[in-house]
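A short worksheet on the structure shown next.
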Amino acid sequence: MTEHRRGLTGDWYTDPGVFAEELELIFSRSWQMVGHCGQLRTVGDYITATVGDQGVAVTRLANGSLHAMYNVCQHRGHELLVDPAGSTKTITCPYHAWTYDLDGRLLHARGEPVGELCVPAVPVETLAGFVFVNLDDQAASLANTLPGVEADLLALAPTAADRTLTHRRTQVIDANWKL
């Protein structure tokens, strides 16, 4: 009799090579949910997240749009926004105080010319009020990637886009992302 497995073997969860492939084939090429529009209601509101092994930040701009970028200073690679969410007028690196606008444009760098330097942007879109980013700047739109999902979700939860996050609890566990 042939044995049928009901799940993945252990190496799918523990092999560093498998994880490296997942980073390349999944996290760097697909839309990942990082939050909800309710967290980004006001100009200057931001959320941060980790997508694969990359830190990203999403901000609400003065024109009302969302902007996503890598959460890393272009000077020495320090994390820019350390809190998971908050509100700010500008983004200042805690290492050498380089200051960026909410769209990642460099505003001030002590002793350095500002020029055209900015934090690289990341595609950002919303679906039924949920905020998604994609590390692939050539990615198809979220609507083309998940056709009909927004309508289906809103049919089940018509007020999903209007919700407000009232509590956040984070628990870090030493486990593979698939668990």
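Each number in this note's numbering comes from the position in the sequence shown (counting from 1) with 1310 added on. For glycine and all other residues, C-beta sits at the position ideal for the given N, C-alpha and C.
Expected contact under 8 Å - CB spacing of residue i and residue j to nearest Å
| i | j | result |
| --- | --- | --- |
| residue 1365 | residue 1382 | 6 Å |
| residue 1412 | residue 1376 | Actually they do not touch by this definition, with Cβ atoms about 10 Å apart. |
| residue 1445 | residue 1432 | 6 Å |
| residue 1388 | residue 1410 | About 12 Å separates the two Cβ atoms, so there is no contact after all. |
| residue 1384 | residue 1443 | Wrong, their Cβ atoms sit about 19 Å apart, outside the cutoff. |
| residue 1370 | residue 1354 | 7 Å |
Beta-bridge partners of residue i, as assigned by DSSP
| i | result |
| --- | --- |
| residue 1437 | 1440 |
| residue 1432 | 1378 |
| residue 1358 | 1367 |
Residue i, DSSP secondary structure in three states
| i | result |
| --- | --- |
| residue 1345 | strand |
| residue 1483 | coil |
| residue 1365 | strand |
| residue 1446 | coil |
| residue 1319 | coil |
| residue 1455 | helix |
| residue 1335 | helix |
Boundaries (first-last residue) of the alpha helix (DSSP H) holding residue i
| i | result |
| --- | --- |
| residue 1328 | 1326-1332 |
| residue 1460 | 1459-1466 |
My parser needs the beta strand (DSSP E) runs of 3 or more residues fully inside the segment 1367-1423; what are they? The qualifying runs are 1376-1380, 1395-1397 and 1416-1418.
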